[in-house]
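Participant:
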Amino acid sequence: MREPTFLVLTSLAAEPQHGYAVIEDVAKMTDGRVRLRAGTLYAALDRLRGEGLIEVDREEIVQSRLRRYYRLTALGETRLAAETSRLRDQATLAESRLRARRRPGMAFS
Amino acid sequence: MTLEAYYRRLLAVYPREHRLAYEEEMIGVLMAGAEPDRRRPTAAEAADLLWSGLAARLIRGGARQRGTGWRDAAAVVGVLTAGLLTATAARRLVGMLWAVVLSGREFPFAYALSSELTLRTAAWSVVVVAALAGLRRAAACMAAVATAIEIGAIIAWNIEWRWVDMGWLLILAPLTVVLLTVARPGRTATAVLGRGGVTLIAGGVGLACVAAGLFVEIRFYEVVPVNLANVALAGFVIAGVLLLAGLWRARSQIRPRLVVMVVAVLAVPFAQDRFEQFARSQLAFEVTWDIVLTQVIFLVGLPSLAVLTVLGGWTVARRMFPLRVSR
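Which chain is which? The protein sequence lines are U and L, in order.
With our numbering, letter number 1 in the first sequence gets 1330, and the count goes up by one each step, no holes.
With our numbering, letter number 198 in the second sequence gets 216, and the count goes up by one each step, no holes.
Written out as structure tokens, the structure reads:
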């Protein structure tokens, strides 16, 4: 799973959101490091819908503009949980190796 | 032009279904993300939309092609080209044996066995049989072997003009390998066209082969018997009708794809013929790069033109007579 996809799913995990809110949320979650562009966002949303990981929650018209809210499906929840656990395992592994490096002499053992 | 109009123009890159599903929403997102005084999209925004739009087109195009019949059509056309190559080699073999018999020499059988034509006929026949039997992978591999034999035969002749004469085979043979490789596994020409369809096409190829043989014979007569030329022409016409009738047996969804591919394939020998007429009129004595380049332009250009014409005609026809209700 690529990072934008992971971030979009994470953003929808809390509550249903519309497109622009997802962009803002992702920017906030990553301290402004990732600012999704509309093209990238909708490529991800379209694919995730196709895979059944998200679905349309509701539609609203705000200032004569269409806002469509998306929510995570049960399948999306499972997939996000699996990806999270995979990332955690990797992070733990990396951490333990880095700790080993810092211990003097261990690098040559 | 307003900022929104700029965005809409960029979004036009997306495929239709995508626009129907997301355009309004995306305009909302894009406008929400733009500063109030912005007049035009930024270069990064434009690049992102163009790139994503084209990617969406590619993905949707690919998804749409899946199961739409291109690979079914490839299974049919692959057998057709293999059949054409078999018929071509067989016709030359028969012609050679005929010449041997006429010259009164003995052992035409021994001549046949020692000829590269026998090997080529046999190799392509195996391809046809394997493809019809549904052994797609074996057929594709055998087609590769047969292609190698064709090239080997040209090398063995060691006559420069052979490469020019065989130019069309050098396109059709590898094309057959490609077609049989991409053909849908387990989908034979018989499954697509039915037994009757395959029989009609086989009849068409056989007849075209006989007609081509007649045309070759004509060249050896000082005074061309007019009847013979007419008979050969009639043979080609009937062969064409049989071929069309056979292809018509396919499901209506596959038919246009079949037509496009068959047109492309049949345009190759036609282009070779046109090129030979042209080359003869130039009275060229040795093979030069100019001749090779011209031949490539003929052999690649004419089929491409034919395909574009068919596709263009198809699109125009669909626009003018929209039968299907668009979603």
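We treat Cβ as the ideally placed atom computed from N, Cα and C, and that holds for glycine.
These numbers were taken from a predicted model, which means no experiment stands behind them.
So, helix, strand or coil for Glu1380 of chain U, using DSSP?
Facilitator: Walking along the first sequence from the start, residue 1380 of chain U turns up at place 51. Residue state for Glu1380 of chain U is assigned as coil, using DSSP reduced to three classes.
Participant: Return yes when the Cβ of Leu120 of chain L is within less than 8 Å of the Cβ of Val280 of chain L, no when it is not.
Facilitator: For the purposes of this step, residue 280 of chain L is taken as the residue at position 262 of the second sequence. For the purposes of this step, residue 120 of chain L is taken as the residue at position 102 of the second sequence. Contact: no.
Participant: Less than 8 Å between the beta carbons of Ala207 of chain L and Val94 of chain L, yes or no?
Facilitator: One-based indexing of the second sequence puts residue 207 of chain L at position 189. One-based indexing of the second sequence puts residue 94 of chain L at position 76. Taking 8 Å as the Cβ cut-off, Ala207 of chain L and Val94 of chain L qualify as a contacting pair.
Participant: Which residue comes first and which comes last in the beta strand (DSSP E) that contains Leu28 of chain L?
Facilitator: By 1-based counting over the second sequence, the position of residue 28 of chain L is 10. Careful: Leu28 of chain L lies outside any beta strand (DSSP E), inside the alpha helix (DSSP H) at 21-29.
Participant: Taking the straight line between their C-alpha atoms, what separation do you get for Val147 of chain L and Arg205 of chain L?
Facilitator: Taking the second sequence and counting its residues from 1, the one referred to as residue 147 of chain L is at position 129. Taking the second sequence and counting its residues from 1, the one referred to as residue 205 of chain L is at position 187. Going by the C-alpha atoms only, they are around 14 Å apart.
Participant: Per DSSP, Leu1401 of chain U forms a beta bridge with which residues?
Facilitator: The residue labelled residue 1401 of chain U in the question sits at position 72 within the first sequence. Looking at the DSSP assignment, Leu1401 of chain U forms a beta bridge with U:Ile1383.
Participant: Beta-carbon of Ser70 of chain L versus every beta-carbon of chain U: anything under 8 Å?
Facilitator: Taking the second sequence and counting its residues from 1, the one referred to as residue 70 of chain L is at position 52. With 8 Å as the cut-off, Ser70 of chain L counts as an interface residue toward chain U.
Participant: Specify, as a first and last residue, the run of the alpha helix (DSSP H) that Met1330 of chain U falls within.
Facilitator: Looking up residue 1330 of chain U in the first sequence gives position 1. No alpha helix (DSSP H) holds Met1330 of chain U; DSSP gives it neither H nor E.
Participant: Let me know if Gln1346 of chain U comes out buried or exposed under the rule of 16 or more other beta-carbons within 10 Å of its beta-carbon.
Facilitator: Counting from one through the first sequence, the residue named residue 1346 of chain U turns up at place 17. Label assigned to Gln1346 of chain U: buried.
Participant: Can you list, in chain order, the residues of its chain with a C-beta nearer than 7 Å to that of Met19 of chain L? Leave out the 5 residues immediately preceding and following it.
Facilitator: Residue mapping note: residue 19 of chain L aligns to position 1 of the second sequence, counting from 1. Once the five neighbours on either side are set aside, Met19 of chain L has no close Cβ partner at all.
Participant: Please confirm whether Ala220 of chain L has its beta-carbon closer than 8 Å to some beta-carbon of chain U.
Facilitator: Translated into positions along the second sequence, residue 220 of chain L becomes position 202. It does not; no Cβ of chain U falls within 8 Å.
Participant: Figure out for me which residue from L:Asp308, L:Phe254, L:Leu329, L:Arg37 has the closest Cα to the Cα of Val14 of chain L.
Facilitator: An answer regarding residue 14 of chain L cannot be provided, because it is not within the stretch 19 to 345 covered by chain L.
Participant: Taking 8 Å as the threshold (C-beta atoms), are Gly46 of chain L and Leu1395 of chain U in contact?
Facilitator: Stepping through the first sequence from its first residue, residue 1395 of chain U is reached at position 66. Stepping through the second sequence from its first residue, residue 46 of chain L is reached at position 28. Contact flag set, yes.
Participant: To which residues of the same chain is Leu68 of chain L closer than 8 Å at the C-beta, ignoring the five residues directly before and after it?
Facilitator: In the second sequence, residue 68 of chain L corresponds to position 50, counting from 1. Here the set comprises Leu28, Val31.
Participant: For the ligand GTP, is there a heavy atom less than 7 Å away from the beta-carbon of Ala252 of chain L?
Facilitator: As for the ligand GTP, it is missing from this structure, which has no ligand bound.
Participant: Straight-line CA distance for Ala1373 of chain U to Leu1338 of chain U?
Facilitator: On the first sequence, position 44 is the one that residue 1373 of chain U refers to. On the first sequence, position 9 is the one that residue 1338 of chain U refers to. If you take the alpha carbons of Ala1373 of chain U and Leu1338 of chain U, they lie about 10 Å apart.
Participant: Which residue wins for smallest C-alpha separation from Leu363 of chain L, given the options L:Thr312, L:Gly264, L:Ala128?
Facilitator: Chain L is shown only over 19 to 345; residue 363 of chain L falls outside these bounds and no answer can be derived.
Participant: Do you know how far the Cα of Ala39 of chain L is from the Cα of Arg345 of chain L?
Facilitator: As a position in the second sequence, residue 345 of chain L is number 327, starting the count at 1. As a position in the second sequence, residue 39 of chain L is number 21, starting the count at 1. Here the model assigns Arg345 of chain L a pLDDT of 41, short of 50, so the residue's position is not dependable and the matter cannot be decided.
Participant: Against Leu38 of chain L, what residues of chain U qualify as contacts under a CB-to-CB distance less than 8 Å, listed in chain order?
Facilitator: By 1-based counting over the second sequence, the position of residue 38 of chain L is 20. Going along chain U, no residue has its Cβ under 8 Å from Leu38 of chain L, so there is no contact; the nearest lies around 12 Å.
Participant: Compare the beta carbon distance of Ala149 of chain L and Ala100 of chain L with 8 Å and say whether it is the shorter of the two.
Facilitator: As a working note, residue 149 of chain L is residue 131 in the second sequence. As a working note, residue 100 of chain L is residue 82 in the second sequence. Closer than 8 Å, so yes.
Participant: Would you say Leu1395 of chain U reaches chain L, if we count a Cβ-Cβ gap shorter than 8 Å as a contact?
Facilitator: Looking up residue 1395 of chain U in the first sequence gives position 66. At least one chain L Cβ lies under 8 Å of Leu1395 of chain U.
Participant: Applying the 10 Å Cβ sphere with the 16-neighbour rule, what's the burial state of Leu76 of chain L?
Facilitator: The count along the second sequence starts at 1 and reaches residue 76 of chain L at position 58. Result: exposed.
Participant: Are the beta-carbon atoms of Leu102 of chain L and Thr136 of chain L separated by less than 8 Å?
Facilitator: As a working mapping, residue 102 of chain L is identified with position 84 in the second sequence. As a working mapping, residue 136 of chain L is identified with position 118 in the second sequence. Their beta carbons are not under 8 Å apart, which means Leu102 of chain L does not touch Thr136 of chain L by this criterion.
Participant: When you compare only the Cα positions, how much space is there between Gly87 of chain L and Val286 of chain L?
Facilitator: Numbered from 1 along the second sequence, position 69 holds the residue referred to as residue 87 of chain L. Numbered from 1 along the second sequence, position 268 holds the residue referred to as residue 286 of chain L. Straight-line Cα distance between these residues: approximately 23 Å.
Participant: Would you check if there are 3 or more beta carbon pairs closer than 8 Å linking the stretch 1369-1385 of chain U to the stretch 1405-1423 of chain U?
Facilitator: yes
Participant: At 9 Å on the CB atoms, spell out the chain U contacts of Asp66 of chain L, in chain order.
Facilitator: Here residue 66 of chain L is taken as the residue at index 48 of the second sequence, counted from 1. Those are Arg1366, Ala1367, Gly1368, Thr1369, listed as they occur along chain U.
Participant: Give every residue of the same chain whose Cβ lies closer than 7 Å to the Cβ of Gln290 of chain L, excluding the five residues on either side of it in the sequence, and list them in chain order.
Facilitator: Mapped onto the second sequence, residue 290 of chain L falls at position 272. These residues qualify, in order along the chain: Gly185, Trp186, Leu317.
Participant: Rounded to whole angstroms, what is the Cα-Cα separation between Tyr1371 of chain U and Ile1352 of chain U?
Facilitator: Here residue 1371 of chain U refers to the residue found at position 42 when the first sequence is read from its first residue. Here residue 1352 of chain U refers to the residue found at position 23 when the first sequence is read from its first residue. So the two alpha carbons sit approximately 11 Å from each other.
Participant: With distances taken between CB atoms, is the gap from Ser143 of chain L to Thr199 of chain L smaller than 8 Å?
Facilitator: Here residue 143 of chain L refers to the residue found at position 125 of the second sequence. Here residue 199 of chain L refers to the residue found at position 181 of the second sequence. In this structure, Thr199 of chain L does not lie closer than 8 Å to Ser143 of chain L by Cβ.
Participant: Arg292 of chain L and Leu320 of chain L - do their beta-carbons sit closer together than 8 Å?
Facilitator: If you number the second sequence from 1, residue 320 of chain L lands on position 302. If you number the second sequence from 1, residue 292 of chain L lands on position 274. Yes, Cβ-Cβ distance for Leu320 of chain L and Arg292 of chain L is below 8 Å.
Participant: Got a sec, what are the start and stop residues for the alpha helix (DSSP H) Val1363 of chain U sits in?
Facilitator: Translated into positions along the first sequence, residue 1363 of chain U becomes position 34. Per DSSP, Val1363 of chain U lies in no alpha helix (DSSP H) segment and is marked neither H nor E.
Participant: Rounded to the nearest angstrom, what separates Ser1393 of chain U and Glu22 of chain L at their Cα positions?
Facilitator: Working through the first sequence from its first residue, we reach residue 1393 of chain U at position 64. Working through the second sequence from its first residue, we reach residue 22 of chain L at position 4. Rounded to whole angstroms, Ser1393 of chain U to Glu22 of chain L spans 13 Å at the Cα level.
Participant: For Ile272 of chain L, which of helix, strand or coil comes out of DSSP?
Facilitator: By 1-based counting over the second sequence, the position of residue 272 of chain L is 254. It is coil, neither helix nor strand.
Participant: Among residues of its own chain, excluding the 5 on either side of Ala91 of chain L, which ones have a beta-carbon nearer than 6 Å to its beta-carbon?
Facilitator: Stepping through the second sequence from its first residue, residue 91 of chain L is reached at position 73. Closer than 6 Å at Cβ, skipping near neighbours: Ile272, Arg275, Leu276, Met279.
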